[in-house]
Each structure stands twice: as structure tokens, then as C-alpha cells.
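Number of protein chains: 2
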Amino acid sequence: MAENKLNRDKTITKWIDEISRGIIEKKDAQLEIEQKTSANDLVTNMDKWVEKELVERIRSSYPEDRILGEEGFGDSVVNMDGTVWFVDPIDGTLNFILQNENYALMLSVFENGEPVQSYIYDVTLNKLYAAIKGEGVSCNGQPIKSPKDVSLSEGMLATNSSIMTEDKYDAIRKIARKSLGLRLVGSAGLETVEVVKGSVAAYIATNLKPWDIAPGVLFMEELGMRATQFDSKPLDLLKNNNIVFATPKAHEEIIRLINL
Amino acid sequence: MAENKLNRDKTITKWIDEISRGIIEKKDAQLEIEQKTSANDLVTNMDKWVEKELVERIRSSYPEDRILGEEGFGDSVVNMDGTVWFVDPIDGTLNFILQNENYALMLSVFENGEPVQSYIYDVTLNKLYAAIKGEGVSCNGQPIKSPKDVSLSEGMLATNSSIMTEDKYDAIRKIARKSLGLRLVGSAGLETVEVVKGSVAAYIATNLKPWDIAPGVLFMEELGMRATQFDSKPLDLLKNNNIVFATPKAHEEIIRLINL
């Protein structure tokens, strides 16, 4: 691994360790909840605290880099020039509030638009999934092999609530019937992990934010899997995306069915 | 706790411990998969081994009792007289095969139609949820308190793939929009646990088998929650059921919406 990636990997791993301890310590005593755009779009003081802690550390160690974070403590990023960090302090905030599990801290680094390092940390299970450009994917340091290239009918499908409930997605919802079954965790990061582990053949979701999907790009790339928009174009990390993360076979089927 | 329930609780806990070790030891070396009614209705040699082991132990320790088990090693049970055991050796067989997690071993005991003891064991997380008539609910021996009586719009909704994908459930699927979000684990036992922990306000599912839902009856009862069919009648453990497990408030709303 190139020296700068290796050092940055050690640094990021240390940050995630420090900050996730803080989440667990502070959470029960101090949780404050605010509504953002709707009743199921919430933010807590912990989301803000985690993002602030991460942004401060990035700015201090890598002052020239730019940061795009969910809670707005980063920069206004309008292009992918240079080194850009994506920060999702708590992915799955509803789960964090209502379940106290099934949420993740996510971070990824892009250099001139190319993903070079991605991290998804399942806080309650203490599992850190990492992808490093050219070095593959690991969980707590143990390498993860590429899942089998299963078709949609040989695997399960992870998705989000909107696809399963909104009228406008009636046609897309039918894709789900081709799979062996649906799974829905409620955290884009942990659904990405399901694809990484081969627990599902694909993850399809609508209207995801850049920080929800940024880590998935490199995870899919390193495992020989696919990450695109519904129209099969590459993800655009400067706007919201409808995404398909999948095995090559399932990806081809889903793209064809979505665009019928 | 009455002496016989206390002894039986110790015995069942020991059995679950012994047999679940066997699952983990034998699984990777020896998994054989057969299709039952469809591509997503599978059985493995491990489902059969677990049920055989449980049925042998029950017959040996409680020779007068009858057993209704998923894989058919028990009895043909046509009424609920006397003591009846429900056995689901591996609930969530698809998860067991494809994910190697998110599956449960389940067991429950009824006396003259009344539930007296129920067990849901999350094998990979090593969490044994138990409900004992009049004694409440516990996880690994630690008592679980009744979740807050939230309405559907204040909580999430667990469901099954059929409701979310089949045309005939279009009307029922709309109920999902009233909740904060959907969750789908793919194991009736572990979805029951989600209701028990208050992680979701309700679990609705169609066409579940007696052994899928038998443990839930006592879990809901002991926590002051509701377990009924879609028409609000009590569960009928001698046939398949469409079920609602929920907080009292969410149950009332769901039954009203289903029967509009």
C-alpha cells in the first residue's frame, strides 16, 4: 500500500475507534432529537457531535482537503477536484434512536473523483469494514473475498422503504418478485455491507445522499461488483442518486428490468 | 415460578445450548440443501438434525406430551389438549443458508391451549429470549421491560416479502406508509424479537405456520402487547395465520386499516 494511504488508513481507524466509544458513552445520557424535513428524517445531537469531531480531525491532519458531511460542518463541495472526504456521522439515525443498533459511521476519501479509501463501521457489532484502492476489502482486518456472482433469482434483494411503499415505484417494486426475498435494514451503509458479504445479491434504493453511497463505490469496485444509478450511469456524488449495488449478473438483470 | 415450569425452563435452556453448539460446529462442513414447495422454501440437513435432536429429548423427558414440528418428526396434532410443544428448528432457513446469520431456534409449550413457555434463540448473536407465563420476558436471563405503547406513526413496521410484493396485498401494503419506515429481517422469530425490544411498533405477516408464530403469543401476552390474526381473532395454532404482533395502539390502528 502506498505510504500515504497506509498512514491515512491507520489514522482513520484510530479516529473511528475514539469517536465510536464516545457515541456509546454519551448516547444514553444525552440524546436530543430534532426533526429535519419530515417525521422520519431526524437528526440527534450525537450525529452533530460525531461529524464535528471527524471534521476537526480531518481539518487538523489534512488542511488542504475538502469535506462533504451530512450535518453541514464540512465544506460546500461543487466539484471532485483534489482530495474530498465524505462523512456520514450516523447512517441509520432512525435505527440509532429507536433500536439502539443497526447504524453505522461512514467515511470515504476520493482523489480527483476516484475513490481510494472507504470505511463503514457497524458501531454496535464493532465491525469495521474497509476498502482500500487496489488492496481489497476487509472486516476488522480480515480480508473479505468477492461474493459469488449470483443472479437476482438466486439471491435476496435489499431495498428501502420508499420503493416498497410509494405508488410511483410500482414497476420497480415488481423486480423484488424475481428475488428469493426482500431484506430491509434501514441503513444504506449496512445494506452495502450485506452486498459486500454476499448476504443479498443486490441493494436498490432511491434518492440517496452522496454520503450514503460514497463508501459503496470502492467496496463494489474492489470486489468486482457494480455500483451505478438506475440508468446504469456511474454514481454522481454531487447530487442525490437512485442506486443499484449488485453482483454483475444481478446488476444486469435489474438495470434491464428498471428500464423496460 | 411453579416447580415444573422452573425445571422445564432449565432443561430447555440446556437443550438449546447443546444443540446450537452442534449447529455451529456441523454447519460449514456438512450443509445439504433441498427445495420444499418453491425456490425460496428450502430445508437443510441441519433443520432436520436440530428437530430430531429436540424431538428425541422431548419424547425422552416428557413422554406424554405431543410435538408439532416444522420438519415432521413430531406428531400429527389436531387439537391443543394436554401439553403441546411447537418446534421450529431453524427459523429463517434462507438467511441460515445465504447469510449465515439472522436465524433462530424456536420452541414453545402450551398446556390445554394456553401458552406457558416460549423460547427464541438468535444463534449467531447468542441471545436467548424467553417468556414464561406470569414471569415476564428475558434475554439471556436479564428481564425485558414492556416497550412504550407507540402508535404506528411513531414507530417502524416489520413485515414479510409477500405483503410487500404481491398484488393481492396492495391495500395492506398501504398501511406501511403510516409508519416511520419498514424493516424486514426474514425470520418470524427475530421479527417477533424486534417487537419485544420495541425496535418496531408492529410486525405484520401473511400465511405463517404454527411453529413460526407460537412463541410470539406468550411474548406479546407477558409484555401487554397484542397478537392476533388480521381479523383480530386469536391466533389458531392448528393452521396458517395472517398475523399482527404489535403495541396496543399500533394493533388497533392496523386492524382498523386492514379491515377498511
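Respectively, the protein sequence lines represent chains A and B. The opening position of the first sequence corresponds to residue 1 in this note's numbering, with each subsequent residue numbered one higher. The opening position of the second sequence corresponds to residue 1 in this note's numbering, with each subsequent residue numbered one higher. Built from N, CA and C at the ideal position, the CB exists for glycine as well. Model, not experiment: these values are computed from the prediction.
Classify residue i as helix, strand or coil using the three-state DSSP reduction.
i      : result
B/V77  : coil
B/Y119 : strand
A/T83  : strand
B/K133 : coil
B/A29  : helix
A/M261 : Past the boundaries of the shown model lies residue 261 of chain A; chain A is included only from 1 to 260, so the question cannot be answered.
A/A104 : strand
B/L257 : helix
A/L6   : helix
Give me the Cβ distance between residue i and residue j, rounded to the nearest whole Å; I'm assuming they're in contact under 8 Å.
i      : j      : result
A/D88  : A/M106 : 4 Å
B/S199 : A/L125 : Their Cβ separation, rounded to whole angstroms, is 15 Å, which puts B/S199 and A/L125 out of contact at 8 Å.
B/D91  : B/D212 : 6 Å
B/G181 : A/N7   : Contact flag wrong, Cβ pair sits at about 39 Å.
B/P115 : B/E221 : 7 Å
B/I163 : B/A205 : 7 Å
B/F265 : B/A131 : Residue 265 of chain B lies beyond the residue range present for chain B, which begins at 1 and ends at 260; the question has no answer from this structure.
A/D9   : A/Q117 : 6 Å
A/E56  : A/E71  : About 13 Å separates the two Cβ atoms, so there is no contact after all.
A/L223 : A/V193 : Between A/V193 and A/L223 the Cβ distance is about 12 Å, and since that is not below 8 Å, they are no contact.
A/P215 : A/S108 : 4 Å
A/R177 : B/T165 : 5 Å
B/L257 : B/I175 : 5 Å
B/T13  : B/L128 : 7 Å
B/Y119 : B/I16  : 6 Å
A/Q229 : A/N240 : With 8 Å as the limit, A/Q229 and A/N240 do not qualify as a contact, their Cβ atoms being about 10 Å apart.
B/E53  : B/T83  : Contact flag wrong, Cβ pair sits at about 19 Å.
Just reading off the beta strand (DSSP E) that residue i is part of, what are its end residues?
i      : result
B/K145 : That residue, B/K145, is in no beta strand (DSSP E); it is neither H nor E in DSSP.
For residue i, report the span of its alpha helix (DSSP H) as first-last.
i      : result
B/A171 : D170 to R173
B/N95  : T93 to L98
A/T165 : S161 to T165
Less than 9 Å between CB atoms is the rule here; does residue i satisfy it with respect to chain C?
i      : result
B/T192 : Looking at the structure shown, chain C is missing, and the protein chains on hand are A and B.
Is any heavy atom of the ligand GDP found at a distance shorter than 8 Å from the C-beta of residue i?
i      : result
B/K239 : Absent from the structure shown: the ligand GDP. Ligands present: none.
At what residue ranges does the segment 176–253 of chain A contain a whole run of the beta strand (DSSP E), taking only runs of 3 or more? 202–208, 226–229 and 241–246
Would you check if the segment 246–254 of chain B and the segment 191–208 of chain B touch, i.e. whether three or more CB-CB distances between them fall below 8 Å? yes
Minimum length 4: unbroken alpha helix (DSSP H) runs contained in the segment 36–73 of chain A: 45–61
Does the segment 205–225 of chain A come within contact of the segment 185–195 of chain B, defined as at least 3 CB pairs closer than 8 Å? Between the segment 205–225 of chain A and the segment 185–195 of chain B there are fewer than three C-beta pairs closer than 8 Å, too few to call the two in contact.
Below 8 Å, can you find three or more Cβ-Cβ pairs linking the segment 143–159 of chain A to the segment 66–77 of chain A? no
How about the segment 139–153 of chain A and the segment 25–44 of chain A: do they share at least three Cβ pairs that are nearer than 8 Å? With a cut-off of 8 Å, the segment 25–44 of chain A and the segment 139–153 of chain A do not count as touching, because too few Cβ pairs lie within range.
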